[in-house]
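Residue numbers (this note's numbering): -14 to 252. In this text, a Cβ means the ideal position worked out from N, Cα and C, and glycines have one as well. Note that the structure is a prediction, hence the values are computed from the model and not measured. To start, the structure under review is shown below, and the notes come after it.
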């Protein structure tokens, strides 16, 4: 039951080239930065990644992207990463853009044993009808486009409504970050970092978690567990320095009010 491994390098050692990886986080909030750095050093390439976005240039999944390690990306958002956009538009990277809620539910379904589900999101658009550009060539021509998806009309409280079939995501490995975790893999996420992390963890055949604080079994109140250890296979405890190393995407500050007291300005 003790799932703790000695290092991030050991935890990701068996992630092979061509693997499908699910990665938690939203922007730079809650990203498994230590595990991603270890995977970069490990050298696996030709990876297919499932994540809300690809971090930013030089951070998060952006590290793997910049090193040319990603073959395909399934995401909701391309912004904030110029290299992501450049590789996509130049034909170096295949990208399947997916509505954010649909992506989250595809991950959750994969971890719940649900092979597919119907949703109203995307009906009447290229998400359902097909034709979204997945891959361009170097001249900007679409060489791979999304296929049309099955749709079906169901009776709802508002009357008949059309839905589109979406397939679940099951990844070979999942990389996530948690605020607290015990040796059995029970996890607690903190505030905004409880975004795609639980869902990514659920859909991985092998789920690897970096935890900012490792505690002993029983120290986490069962009512406070956000993700049970049944979904977790390896736990990597972070050093205090690693846990505190969190980048901010955009820092916005407000000028101090001319009438503010010195105490208020210092705060």
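query                                                                                                              : result
Residue 57 - containing beta strand (DSSP E), residue span                                                         : 55 to 60
Buried or exposed by the 16-neighbour rule on C-beta atoms within 10 Å, applied to residue 224                     : exposed
Inter-residue CB distance, residue 66 and residue 39 (contact presumed, cutoff 8 Å)                                : 5 Å
Segments of 3+ residues assigned as beta strand (DSSP E) that fall wholly inside the segment 170 to 251            : 189 to 200, 219 to 222
Own chain residues within Cβ distance below 7 Å of residue 201, not counting five before or after                  : 167, 168
N- and C-terminal bounds of the alpha helix (DSSP H) containing residue 63                                         : Looking at the DSSP string, residue 63 is not in any alpha helix (DSSP H), and its letter there is neither H nor E.
Beta-carbon spacing of residue 162, residue 204 below 8 Å                                                          : no
Inter-residue CB distance, residue 93 and residue 187 (contact presumed, cutoff 8 Å)                               : 6 Å
Proximal residues to residue 179 (C-beta, below 8 Å), its chain only, five neighbours per side dropped             : 15, 211
Outcome for residue 252 when other beta-carbon atoms lying within 10 angstroms are tallied against a minimum of 16 : The pLDDT assigned to residue 252 is 43, lower than 50, so where the model puts this residue is not dependable; a value taken from the coordinates is nonetheless given after this. Looking at its Cβ environment, which holds fewer than 16 other Cβ atoms inside 10 Å, residue 252 is exposed.
Option nearest residue 41 by Cα separation, candidates 2, 18, 24, -3                                               : 18
Residue range of the unbroken beta strand (DSSP E) whose run includes residue 104                                  : 101 to 104
As assigned by DSSP and simplified to three states, the class of residue 165                                       : strand
Inter-stretch contact (C-beta, 8 Å, three-pair minimum) for the segment 54 to 71 and the segment 122 to 136        : no
Touching by the beta-carbon criterion (3+ pairs, under 8 Å), the segment 153 to 160 and the segment -2 to 12       : yes
Own chain residues within Cβ distance below 7 Å of residue 209, not counting five before or after                  : 173
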